[in-house]
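*Asks:*
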Amino acid sequence: MTDKNNVEKNTGESQAKPYRSKKQLIAIIVCAFVAACGIGLWMFQLAGGMVNTNMRNLDAWGLYIIMFMLFVGLSAGGLIVSSVPKLFGIKGFGGISKLAIWTSICCTILAVAFVVVDLGGPLRVWHLFAYANLTSPLMWDIIVLSLYLIISIIYLWATLRSERGQGTAVALRAISAIALIAAVAVHTVTAWIFGLQIAHEFWYTALLGPWFVSSALLSGLALVLIVAIALRKAGYIKLESANLIKMTRLLGVFCAVDLYFFACDLLTSGFPGGSGGEVVAMLTTGPLAMFFWAEIIFGICTIIVAFTPALRKPGFITCAAIFSVLAIFAKRVQILVGGFQEANISYPTVSSGPELSAAGKTLADVGGALIYTPSPLEIGLVVGVLGLGTFLLLLGLRMLPLKPVEEQ
Amino acid sequence: MSENAEKPSDWGYPHLTRRSFLKTTTAIAGTVALGGGMTSFAGCSNTASRTMNNVEEAVKTVSCCWTCQYCQYNAVVRDGRIVKLEPKKEGSLRGSRMCLRGRSRFRALNNPNRIKYPLKRIGERGEDKWEQITWDEAIETIAEKWKKFRDEYGNRSIAYYWGSGNASALASGNFGGLMGRFANVMECTWLDYCTDMALGYGTSRALGAAASQNEAYDIKNADKVFMWGISYTDSWWQLWWPLAEAMEHGTQLYVIDPSLSTTASKADVWVSNKAGTDPIIILSVMNYLVEHKLYNHDFLLKHTTACVLVRKDNNMLLRMSDLGVAPEEGPTDPLTGKATVIDPPVVWDTATNEAVAHDKSSEPALSGDFVVNGIKVDTSFDRLTAELSKYPPEQAAKIAGISVEEIETLAVAQSNGNVYNIPGYASQAYANGGEFGHALAMLALLTGSLGRPGASVGATWWSFPTNGAFLAPTGTGVNAVPVLGMSTIMETGKLKGKEYPIKSLLVAAGNPICSSASTNDMLKWWNKIEFIVVIDIQFSDTARFADILLPATHALENEDIMVSSYYPYVGVTEKASEPVYETKSDADIARLFAEAMGFGKYFEKSDDDYLREIIDESPTAKKLGITVERIRKEKEICFDEKGIRFEGCVFPTETGKANIYLETVAPRIDWGQELDPEIGHVPTWFPPHEAWADSESSQKYPLILNSQRLRTRWHTGEFENEWMLEVSPEPTVKINPVDAEKRGIKDGDYVEVFNDRGHAVARAEYANDRHPGVLIYPKGWQMSQFKVGSWSELTSPYADPFAVNTSFMDVAVDVRPWIEGR
Amino acid sequence: MSAQRLGMVVDTKRCVGCHTCAVTCKIENNIGDGVFWNRTMTVGGDSIDSASGTYPNLSKHYITLACQHCENPACTRVCPVGATYKREEDGVVLQDYDKCIGCRMCIAACPYTGVRNFNWEEPQHSIGYDVGDADAPAHQKHTVEKCMMCAHRLARGEEPACILGCLAKARYFGDFNDPQSEVSKLISSRTYKQLQVEDGTNPSVYFLV
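Residue numbers (the working numbering), protein chains in the order written: chain A, 1 to 408; chain B, 409 to 1230; chain C, 1231 to 1439.
#1: Sort out for me which residues DSSP pairs residue 1236(C) with in a bridge.
#2: Less than 7 Å between C-beta atoms, sequence neighbours within five positions excluded: which residues of the same chain meet that for residue 1418(C)?
#3: So, is the C-beta of residue 569(B) closer than 8 Å to a C-beta in chain C?
#4: Name the residue from 393(A), 403(A), 401(A) whose alpha carbon lies nearest to the alpha carbon of residue 25(A).
#5: Buried or exposed for residue 171(A), please, with buried defined as at least 16 other CB atoms from any protein chain shown within 10 angstroms of its CB.
#6: Starting from the Cα of residue 1400(C), find the closest Cα among 1249(C), 1236(C), 1235(C) and give me that residue.
#7: Could you give the distance in angstroms between the alpha-carbon of residue 329(A) and the alpha-carbon of residue 376(A)?
#8: Examine chain F for any beta-carbon lying closer than 8 Å to the beta-carbon of residue 1426(C), and answer yes or no.
#9: Can you round the beta-carbon distance between residue 1028(B) and residue 1216(B) to whole angstroms, since I take them to be within the 8 Å contact cut?
#10: Using a 10 Å radius around the Cβ and a threshold of 16 neighbouring Cβ atoms, would you call residue 1083(B) buried or exposed?
#11: Secondary structure at residue 895(B), three-state DSSP: helix, strand or coil?
#12: Going by CA-CA distance only, name the one from 76(A), 312(A), 240(A), 122(A) that's closest to residue 144(A).
#13: With DSSP as the reference, label residue 1113(B) as helix, strand or coil.
#14: Reducing DSSP to helix, strand and coil, say where residue 831(B) ends up.
#15: Could you tell me the alpha carbon to alpha carbon distance between residue 850(B) and residue 1206(B), rounded to whole angstroms?
#16: Going by alpha carbons, who is nearest to residue 739(B) out of 1072(B), 1062(B), 1179(B)?
#17: Would you say residue 604(B) and residue 842(B) are within 8 Å of each other, going by their C-beta atoms?
#18: Using the Cα positions of residue 422(B) and residue 1326(C), report the straight-line distance between them to the nearest angstrom.
#19: Taking the beta strand (DSSP E) that residue 890(B) belongs to, which residues open and close that run?
#20: Could you pull the start and end residues of the alpha helix (DSSP H) that residue 638(B) belongs to?
#21: Excluding sequence positions up to five away, which residues of its chain have a Cβ less than 8 Å from the Cβ of residue 972(B)?
#22: Tell whether a beta-carbon distance below 8 Å holds between residue 396(A) and residue 102(A).
#23: Secondary structure at residue 1291(C), three-state DSSP: helix, strand or coil?
#24: For residue 1285(C) and chain B, any beta-carbon pair shorter than 8 Å?
#25: Shorter than 8 Å from the beta carbon of residue 190(A) to some beta carbon of chain C?
#26: Threshold first: 4 residues or longer. Then list the alpha helix (DSSP H) segments lying entirely within the stretch 214-273 of chain A, N to C.
#27: For residue 197(A), return the contacting residues in chain C, with the cut-off set at a CB-CB distance below 8 Å.
#28: Shorter than 8 Å from the beta carbon of residue 1174(B) to some beta carbon of chain C?
#29: Return helix, strand or coil for residue 1163(B), following the three-state DSSP convention.
#30: Taking 8 Å as the threshold, find out whether the stretch 1130-1147 of chain B comes into contact with the stretch 1163-1170 of chain B through three or more Cβ pairs.
#31: Please state whether the Cβ-Cβ distance between residue 220(A) and residue 302(A) is less than 8 Å.
#32: Does the CB of residue 121(A) have a neighbour CB from chain C at under 8 Å?
#33: Suppose the cutoff is 7 Å on Cβ atoms and the five residues either side in sequence are ignored; what does the same chain contact list for residue 1191(B) look like?
#34: Extract the residue ranges of the alpha helix (DSSP H) inside the stretch 131-217 of chain A, only unbroken runs of 4 or more that lie entirely within it.
#35: Quick one: which unbroken beta strand (DSSP E) runs of 3-plus residues sit fully inside the stretch 306-342 of chain A? Chain order, please.
#36: Is there at least one Cβ from chain A nearer than 8 Å to residue 1380(C)'s Cβ?
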């Protein structure tokens, strides 16, 4: 196979080329099918009504927004991981930055997809541009997310150009800077959708912005690690252990920072002994306890793996990375569901709005009186969107020259 | 602040979207004539209308037809369908605004549960399997059977039960309308529904007629209001705002109620007594008043028979004939056709020291032993105080579960100022309910708190005195038999020792299988009746047990005149919707019956003419110039601006004075029951039949079962109304946590309430608003709405021999967690 | 002409928790099955109509809860398309069904639990036809709705349906910017409380206690 580019950088390696394999093709087809099923479920949700989710008036958001938060974080994190080394001209993590950017772009698209799937009137999406209300954090997020997607694509394009010898290093650094700022902004603004709402004691904290960024770093880096290790195993990339360990240590640091923020928030809630105590109880011993302790335990495991040399082997590292993503998923669940779990006004009254279906009630019982647990439709639709994401990721690997090129 | 690019339209909505008003619906598929345009309603010349957004709307004046308040309001009609009911813009005569039941009652018109056609039972009674038949076939079948029964068993073999469901001049409720006229012409047996009767019976012992409240707005003149076992905020809601307003201006509210009702939660004083102990509290209050001479001496002398002498030998009143004065003949009694006898009772005149006729003394003796013509006597007042001496506060308080201070507080508060005593139907729903009414009326007499503005005793009720002749065109009438006696009557086939076969039953405007006591007992005698016809609008419990079911129109589908309310008014209810399917009005069904039974000539006139006969021909209407035409034009007319009951303290008794001592105590209905000759001359105390720690039933079933008004029902009405079901979705029972924990019942569990008579499964709700030992169930649920059983299975068929009333509250039960399939 | 500040006063001394205002609103606005824009709440024990305290020292009262038409609404800030907005001339917070994209951010932002309803399916009307006022806007699936102070009635110079509907005469309506209005006089002469005051929304509904 000949490369398209004949220009060689002073590397000893061949130019980046797309990754193709038969297994990959099959995977792409399967993912396309899953994505198509997802679209089918989405049509069903729109026609049959969102009553087929388990979201209700008392908990208006659910799995879709949880996944939205998670994927904004994953995408922001990946991009930060990629752009920081470029920006500061330090040796990166073995040149996997293109992968990181592509992963990030896929995650961004998924995040947008989750929001669209959550909308009651997706055909009215154009209202966002025709009637934009600029005081709305949701509007800010849509603007920043759109810009961020564009910037990510430009960033990838710039990176590829730079590899081919086009474009200046300064330009690339500039774009890296913009990408970094956008990445930080995107998740801070996402945090503000929750953190600026005085209606929910659990959400209303200044810490939420920085905290979401630290969660983004943790989960984003973890995802990049997972993808990188997987592709390394598949033989697509070479990843030196040193770089791997560097990233793993960084993972541990991000995890520690995230847990630090968590501890600050818990202490602040619980210390005065007032209504914040109910929030702490809800998390530690109440309906959300499962997610709370999962996050803590996964986090601690990650830190242990990150800072125990003996454990910094690909297998353990993959585990730790998966734990990290799950920990942040658990965090997202706590935030979303926890915000709705304790109502501001809960005097006895007649119910308004549909009740949970029988299946939903059973699920809720399993969750221990959680105000929300996802319905089969929501889970199916999420799987469909994940299928779309994987489809895009694999397609990118197949069509784009994302293989790392050794740098000087 | 958001910037909205659009400017609001005239209506304030930038994108007002028109609805499609002519949605076709499957729910009323197959309907005849329910679409398009305004229909002209016969007999209604005053159809208000308005046009909004090119939509024609008609506005009709309609009234509720139930025995709460008969509120009058507007029905807005669009495309021939009622789209909302709302208060009249010009207000109503006493500011009434209807409640959520009145608001939403038009849901009944096309409810899937509506009875659409005449139906004949196939399968067993209660199986709820029906075959549609024509009206002709239905009437033929009914007439054939009735004629046969009357020939073979006599006219009384046909029984008629009416409820309070659809009560207006022409409709059947409260023994009204052409159906009542038909029942009289047919000389049916009338099944007295024995519901809420003890109160009126008891008060009438003292006052000569059932006590009732002054016109509702008069409450602003009261200084103190005492509510005995009643919660305005749960039953007669329209009376709440006048009371609230009075309280805001200084009126004090005392509530005597075992549980903290919403009214009690707003009261100045709440006395929480044991269930069924109101009589002994009132008796003790009177004891205190007598002890401390706080009674109204002048009132007793002028307006009561307190001074009338009572013979110690036979406990009859001493009369002029005992003094050797021959009785005179008085005017003819229109009911019996016989001449009345005038033989005045006697008092002891302290001025002349001799016995004189009761109206001939200016200083009669209130108390004392005398000998007149060799006969030893004392006064009526003495008889009362002798009874009262049995109830000093120390003892009464213990029995009633309250404190001595509370009795004293009540007594002192009763003794001065303008006092309202308002009894409810809860306190009279025990075996001692008659005594409750009797004692309360007596208390009002002791303090003189009735017959003037701001002073009243009784529950609310005002009826326009219609032309009685309408109901009995042939001079014949029904024979009243208590529904509580039907077990015995159907079992023995006898009434008062004579053969009394009942072969057929007609039910209209009522739901006895749900609203009467002890369903399982009831069904035993119900199923001994050969042929049962039920007229109803919905498939209620009772409808399901019919042999022939006749579909009635809803009150909103007829024009009629309302003749009862909580204030003295007579009003119109206009036809607001066309009758659906093959429904017929109560009046038309009566006509069909009459025609088929050969009495057609008494039922020939139109609704219009009969209304005139009922209203215009009545003496009151003639005096006040009230006509149906005027009512139609003015919508509502007050027929007693002052609205004071027993005004001037003139009582419909033999002497014109209220009875302190009742000489002859008749039961409410005499159906041959055994009577204790000692009971009833003065009010007395005896405990409830079951709901009492010492009772036999309590040994097995230690909890008391009391009912409560469900906010979304008037009795059982609106049970099928989906809007009401959204507010109250399922049967519940309130249980004190102490009782619940003892039985392993958690808040929200499904529980089975049970006794020997039956059971009911409902969702338990923890409630601490009364002391342990009592379960409270909001009532009005149909059998089909329970998982198992129903409330009416549990209630008691025991009837106090005098009051002959259903003691709904007097029930002993126990409760346990419900295990499905037990 | 200064803007009005329309709002309501509910006298909890009079309110008996009968749900009539809730049903009135529901019918007037042709609200779908299972949904209420206005509801009666028991301030007492754990179930409807229950009391707090230990027998016999018990107490309970009622409030009604619907959109508070705040002076400083949390919802209008966050609606990305301005489908919920506060009308300048009278302060009524309105909902434009045609604009709403169904993101439910307003529900997440509003401190008053349950006052906003999202139509999770096509609104059903078991009665089979549209009831209520001819001018009440049609409901749409997958949009958010709430009390709009019967703006369709305000446009005709009438008060919201629940005001006249209250049979305890416990509800008052008027302009708080007019010191002579009944509502202004009520809150200046009687003790009142408001809900979620700590959230700074400055609601236009006052509860007389």
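Quick reminder that beta carbons are idealized off the backbone N, C-alpha and C, glycines included.
*Replies:* Answer, in terms of the structure:
#1: 1405(C)
#2: none
#3: no
#4: 393(A)
#5: exposed
#6: 1249(C)
#7: 18 Å
#8: Here chain F cannot be found, since the structure's protein chains are A, B and C.
#9: With 8 Å as the limit, residue 1028(B) and residue 1216(B) do not qualify as a contact, their Cβ atoms being about 34 Å apart.
#10: exposed
#11: helix
#12: 76(A)
#13: The answer is strand: DSSP assigns residue 1113(B) an E or B state.
#14: strand
#15: 26 Å
#16: 1062(B)
#17: no
#18: Because residue 422(B) sits at a pLDDT of 30, beneath the cut-off of 50, its placement in the model cannot be relied upon, and the following sentence gives the value as read from the coordinates. Roughly 7 Å between the two C-alpha positions.
#19: 887-890
#20: Secondary structure note for residue 638(B): it is in no alpha helix (DSSP H), with a DSSP letter that is neither H nor E.
#21: 475, 478, 575, 582, 869, 870, 871, 872
#22: yes
#23: strand
#24: yes
#25: So no, residue 190(A) is outside the interface.
#26: 241-270
#27: 1304, 1308, 1338, 1339
#28: yes
#29: strand
#30: In short, these stretches touch, since the Cβ pair count reaches three.
#31: no
#32: Chain C contact via Cβ: present.
#33: 949, 1198
#34: 137-163, 169-195
#35: Runs of the beta strand (DSSP E) inside the stretch 306-342 of chain A: none found.
#36: Against chain A, the CB of residue 1380(C) has no partner CB under 8 Å away; the residue lies outside that interface.
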